[in-house]
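Letter by letter, the sequence shown follows residues 4 to 441 of this note's numbering. Structure, as structure tokens:
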Amino acid sequence: MILRRASLAVVALSLVALALPAAAQAPAGAPGQGEDAPSLAAQSGVAAIVDDKVISTYDVSQRVRMMILSSGGQIRPEMLGAVQQRALRDLIEEKLKLKEAEKFEVTPDPAMIDKEMAAVAAQNGFSLDEFKQSISAAGVDPESMRQQIAASSVWPDIVQGRFGSRVRVSEEEIDATLERMREEATAEQFLVSEICIPVPGPEQAQQYYEGALQLIEQMRRGVPFAVVAQQFSACTSAAAGGDLGWVRAGELPPELDQAIRELPEGSVTNPIPSEGAFMVLAVRGKREAVQQDEKSYTLAYAAAPVDLGRSAARQALEKLSTARACGASGGLRQDLGPDVGVALVENAKLSDIDERFHNAIDGLDRGDLSPIIESDGYLHVAYVCELDEGFGIPSRKTIEGRLIQRQLEKLSQQYLRDVERRTMVDVRLKLQQGPPTQ
């Protein structure tokens, strides 16, 4: 969140006044999220009902104010219709998430919420009390922010609990990703930002496509991509303004990879259908492929004394390829025997390794076992756990983590849509429709 100490409150309040009907213009001291339908309806008006939980027009106005604050006041008046839609949609999804949390008895941790708010305050150079005073001056009730943090904090735990143990990335998937990246290692790289707009169902695809086009139009009129990403993107990169950093060719899904290859530097794509969402990508820069550096290895290493008996020593060392070779050293000892010395050598370049072993290790690939070498009264062997070929390609563990995260994000979106389908959602607030005004 970006906050400015001077004059931001005035900007926020004047813009919000354009965004919502008069019923929503409740004073800053009015209740924030309240669940009591009759009293809220009397105070401001009902924007939506999610089962028996009410979202008031005041709640929507609070969220719009927060979005304007976090944009640093860069939201243009003609974007307010889209901002209002996003605000209401976010509030509905938060109610759905909290409903599911209640079902599974997952409770937001007040201490964690305080910690998150304090972290946001510190990022903006405020103490927590100063931060609350600042957003209150802009008409944002701090309790509205607490409710937002509460919903966002419980949902990952629910998704992880339901799907975490079932998400698996096979060695073949990792191999395929690595192979694609190796093939593209000598191609150029792209500095990419993304906006992800999940589509609840096929019947709403056209509506969400047109909404994405409106966002692109606003960027063409000068609204920064990062501001739009922070407010409208559903991806985890939204907090960083959609920044993905430098992406090598072949790293993204094929439909996105093709788009960034064809896009001129400084341009933004049209909405791209991808895995149940529309993606909007920006290419902020391009650069030639990195030059190949020296290879580096992560090795499981074992040594057995010759006086153990050459045959017994060799038999023990040859087990390295089937042992828990890339785990902790204790595990290796159990598999290879108490007389065998073991070690895990991480990210070592060939030049870092004793020259006597260069010929044995050079040319090995991941999963290869080196020839056995005799030296100084010991037999030595190494097993290649990881190999970085010098192009800066991520490790298998990193790639596995990315693939798992991608699967979990997709499951999270599907799960939320399933929760919504079995929930009564009654939207009453009439939102601004159509393209941005000229």
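A virtual CB, placed ideally from N, CA and C, is assigned to each residue, including glycine.
Of the residues the options, the one placed nearest residue i, counting alpha carbons only
i, options, result
"methionine 184", "Ser173, Ala252, Met120", "Ala252"
"arginine 399", "His361, Ser147, Phe281, Ala179", "Ala179"
"serine 147", "Val195, Gly167, Lys98", "Lys98"
"serine 378", "Tyr300, Ser196, Asp310", "Asp310"
"alanine 285", "Glu297, Glu265, Glu389", "Glu265"
"serine 354", "Tyr300, His383, Phe394, Lys322", "Tyr300"
"threonine 272", "Lys135, Glu258, Thr239", "Glu258"
"leucine 406", "Ile219, Asp246, Asn362, Gly167", "Gly167"
"glutamate 268", "Arg287, Ala262, Ser277, Ile275", "Arg287"
"glutamine 233", "Arg149, Ser270, Met70", "Met70"
"aspartate 421", "Arg89, Gln151, Glu103", "Glu103"
"glutamate 297", "Ser277, Arg89, Asp357, Leu390", "Leu390"
"leucine 302", "Val283, Trp249, Leu367", "Leu367"
"glutamate 349", "Pro341, Glu358, Cys329", "Cys329"
"serine 155", "Glu81, Gly48, Ile116", "Ile116"
"alanine 215", "Pro205, Pro227, Glu206, Pro201", "Pro201"
"glycine 75", "Arg369, Asn127, Ser64", "Asn127"
"phenylalanine 193", "Leu255, Asp338, Glu186, Arg92", "Leu255"
"glutamate 96", "Ala121, Arg431, Ile356, Pro203", "Pro203"
"leucine 218", "Cys199, Ala153, Thr110", "Cys199"
"phenylalanine 281", "Asp160, Gln416, Phe394, Pro227", "Gln416"
"tyrosine 211", "Ser236, Val230, Gly248", "Ser236"
"glutamate 108", "Asp160, Ala114, Ala242, Arg92", "Asp160"
For residue i, the three-state DSSP class (helix, strand or coil)
i, result
"arginine 423", "The residue asked about is misnamed: residue 423 is glutamate in this sequence, not arginine. Glutamate 423: helix per DSSP, three-state reduction."
"asparagine 127", "coil"
"isoleucine 275", "strand"
"alanine 25", "Low local confidence applies: a pLDDT of 38 at alanine 25 is under 50, so the model's placement there is unreliable, and no value is given."
"threonine 110", "coil"
"leucine 259", "helix"
"proline 308", "strand"
"threonine 440", "With a pLDDT of only 34 at threonine 440, under the threshold of 50, the placement of this residue in the model should not be trusted, and no figure is reported."
"aspartate 338", "helix"
"serine 10", "Any reading at serine 10 is ruled out, since the residue's pLDDT is 28, under 50, leaving its predicted position unreliable."
"glutamate 268", "coil"
"alanine 315", "helix"
"lysine 56", "strand"
"valine 343", "coil"
"glutamate 213", "helix"
"valine 231", "helix"
"valine 430", "strand"
"serine 173", "coil"
"alanine 252", "coil"
"leucine 367", "coil"
"alanine 237", "coil"
"aspartate 144", "coil"
"glycine 225", "coil"
"phenylalanine 394", "coil"
"arginine 79", "coil"
"leucine 187", "Sequence check: residue 187 is glutamate here, not leucine. In the structure shown, glutamate 187 sits in coil (DSSP, three-state: anything other than H, G, I, E or B)."
"serine 415", "helix"
"isoleucine 356", "coil"
"threonine 401", "helix"
"glycine 84", "helix"
"valine 202", "coil"
According to DSSP, residues forming a beta bridge with residue i
i, result
"histidine 361", "For histidine 361, which the question treats as bridged, DSSP gives no partner whatsoever."
"glutamate 197", "Leu284"
"lysine 289", "Phe193"
"aspartate 246", "Ser196"
"glutamate 389", "Thr301"
"lysine 118", "Answer is none; lysine 118 lacks a bridge partner."
"alanine 351", "Tyr300"
"serine 378", "Tyr381"
"glutamine 155", "Checking the sequence shown, residue 155 turns out to be serine, not glutamine. DSSP, once it has assigned bridges, lists no residue as partnering serine 155."
"alanine 51", "Ile58, Val430"
"leucine 372", "Tyr386"
Contact belief for residue i with residue j at Cβ below 8 Å, rounded distance in angstroms
i, j, result
"valine 143", "arginine 68", "5 Å"
"arginine 290", "glutamate 191", "6 Å"
"valine 195", "isoleucine 263", "6 Å"
"leucine 323", "alanine 305", "5 Å"
"aspartate 62", "leucine 83", "Their Cβ separation, rounded to whole angstroms, is 16 Å, which puts aspartate 62 and leucine 83 out of contact at 8 Å."
"valine 387", "aspartate 371", "5 Å"
"serine 240", "glutamate 175", "The pair is not a contact, with the Cβ atoms about 27 Å apart (cut-off 8 Å)."
"glutamate 403", "valine 172", "5 Å"
"tryptophan 158", "lysine 100", "4 Å"
"valine 428", "valine 49", "Contact flag wrong, Cβ pair sits at about 13 Å."
"arginine 431", "alanine 51", "6 Å"
beta-carbon residue i near the ligand GTP non-hydrogen atom, thresh 7 Å
i, result
"leucine 414", "By its list of ligands, the structure shown contains no ligand whatsoever, and the ligand GTP lies outside what it can speak to."
* **Three CB pairs or more closer than 8 Å across the region 300-310 and the region 223-235** => no
* **the region 128-145 touching the region 381-395, judged by at least three CB pairs closer than 8 Å** => no
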